[in-house]
Amino acid sequence: MSKYEYAIDFDAIDAIDIHTHVEIDGCGHRSLDDELMAASEQYFKSGAERTPTIQTIAEHYRARNMAAVVFTVDAATTTGHAPNSVEEIAEVAASHNDVLIPFGSVDPWRGKAAVRRVHRLVEEFGVKGFKFHPSLQGFEPNDRRFYPIYEALVEERVPALFHTGQTGIGAGLPGGHGIKLRYSDPMLIDDVAADFPELTIVLAHPSVPWVDAQISIATHKSNVYIDLSGWSPKYFPPQLVKAANDLLRNKVLFGSDFPVIQVDRWRKDFATLDIKPEVEPFILKTNALRVLGIAS
5 MSKYEYAIDF DAIDAIDIHT HVEIDGCGHR SLDDELMAAS EQYFKSGAER
55 TPTIQTIAEH YRARNMAAVV FTVDAATTTG HAPNSVEEIA EVAASHNDVL
105 IPFGSVDPWR GKAAVRRVHR LVEEFGVKGF KFHPSLQGFE PNDRRFYPIY
155 EALVEERVPA LFHTGQTGIG AGLPGGHGIK LRYSDPMLID DVAADFPELT
205 IVLAHPSVPW VDAQISIATH KSNVYIDLSG WSPKYFPPQL VKAANDLLRN
255 KVLFGSDFPV IQVDRWRKDF ATLDIKPEVE PFILKTNALR VLGIAS
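Its first residue numbered 5, the sequence shown is counted upward by one per residue in the working numbering.
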């Protein structure tokens with residue numbers, strides 16, 4: 005086992021994709037059950053391979069002179085589906101550390117075991133942040149039962165990336181496959197940001213239908229950022245584009261949601277937005293460096 009360390013030339017790369025999924029492990033186990041995987045394929049209509057391996061992801065981003073944050077989501081308690089191995093993601097990322105940045109995931113319902121796992125994944129495997137999906141994991145982020153997890157993140161000085169808003173997982177299925185959207189209301193995460201001012205938080209995706217709340221939170225809390233993944237930029241709410249171009253130019257990050265949103269499509273559609281030339285580098289790379297603790 006080799007602990008992940010950065011070997012990315014951050015000056016040379018064009019961009020950092022803060023939001024990419026590893027949906028399959030080395031044994032062929034997929035991160036979602038077959039019904040959810042099929043539903044998400046139908047929802048996103050990507051037309052590309054839905055479950056590329058982490059090695060394929062590395063090659064994909066290397067060819068584009070970009071780095072990518074890679075992760076899975078551990079939602080075993082609520083879904084009954086075993087997660088992909090976070091350890092494997094970190095280990096393979098360590099062998100592609102010129103282009104990949106591993107994030108961890110813990111099942112928030114595992115209590116003290118989740119806290120211990122945060123420390124182990126950072127200290128032994130070198131993960132650089134953690135991904136949470138409140139709707140899929142079935143938890144309210146501001147429930148104080150989960151605060152020890154955030155305390156561990158603060159101790160390890162790594163950021164938290166929270167899914168917010170609508171989700172393609174379960175979309176179109178009866179009852180949304182039991183997945184509840186309200187858990188991903190960003191106002192629940194506003195409580196976390198207030199109670200943990202030293203914790204860097206990224207609100208993933210345009211938080212439809214709570215975009216105005218998302219903008220307010222990122223404006224109000226210096227420790228809160230927004231990533232632009234999960235939607236083609238041509239569908240971004242106009243108030244989010246305006247904020248990214250001005251008030252939140254230092255708080256908004258490039259993210260694709262690869263493989264469900266292809267990075268080439270995202271970049272192509274982003275180029276059609278009226279983004280100021282001086283702002284674009286902040287969105288594509290500079291703000292991510294700050295979130296990752298690489299730049300102040």
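In this text, a Cβ means the ideal position worked out from N, Cα and C, and glycines have one as well. Every value quoted in this text rests on a predicted model; they were computed, and no experiment measured them.
Inset, instruction - For the beta strand (DSSP E) holding isoleucine 230, just list the boundary residues, first then last. - result: 228-231
Inset, instruction - Give a yes or no on whether the C-beta atoms belonging to serine 304 and alanine 197 are separated by under 9 angstroms. - result: This structure leaves residue 304 out entirely; the chain is present only between 5 and 300.
Inset, instruction - Using only alpha-carbon positions, find the residue among His123, Ala67, Leu177 that is nearest to glutamate 91. - result: His123
Legend entry - Distance, histidine 224 Cα to tryptophan 214 Cα: 15 angstroms
Legend entry - Beta-carbon contacts of proline 145 that lie in its chain and below 8 angstroms, excluding the five residues immediately before and after: Phe136, Pro138, Phe166, Tyr187, Leu192, Ile193, Asp195, Val196
Inset, instruction - Specify, as a first and last residue, the run of the beta strand (DSSP E) that methionine 70 falls within. - result: 70-75
Inset, instruction - Apply the 10 Å Cβ neighbour rule to glutamine 243 and answer buried if 16 or more other Cβ atoms are within range, or exposed otherwise. - result: exposed
Inset, instruction - Specify whether the region 79-90 and the region 283-292 touch according to this definition: at least 3 beta carbon pairs, one from each stretch, less than 8 angstroms apart. - result: no
Inset, instruction - Check whether the Cβ atoms of isoleucine 265 and tyrosine 229 lie closer than 9 angstroms to each other. - result: no
Inset, instruction - Thinking phenylalanine 150 and glycine 108 are a contact (beta carbons under 8 angstroms), I'd like their distance in whole angstroms, please. - result: Not quite, the Cβ-Cβ distance comes to about 15 angstroms (not below 8 angstroms), so this is no contact.
Legend entry - Burial state of aspartate 310, where buried means 16 or more other Cβ atoms lie within 10 Å: Residue 310 lies beyond the residue range present for the chain, which begins at 5 and ends at 300; the question has no answer from this structure.
Legend entry - Selected residue, minimal CA-CA separation from histidine 25, among Ala62, Lys184, Gly180: Ala62
Legend entry - Endpoints, beta strand (DSSP E) assigned at isoleucine 83: The sequence given here has threonine at residue 83, not isoleucine. Premise fails: threonine 83 lies in the alpha helix (DSSP H), 80-83, not in any beta strand (DSSP E).
Inset, instruction - Return the CA-CA distance between asparagine 249 and proline 112, expressed in angstroms with no decimal places. - result: 35 angstroms
Inset, instruction - Please name the residue or residues paired with histidine 25 in a DSSP beta bridge. - result: Phe75
Inset, instruction - Leaving aside the five residues before and after threonine 55 along the sequence, list all residues of the same chain whose C-beta is less than 7 angstroms from its C-beta, in chain order. - result: Glu27, Ile28, Arg34
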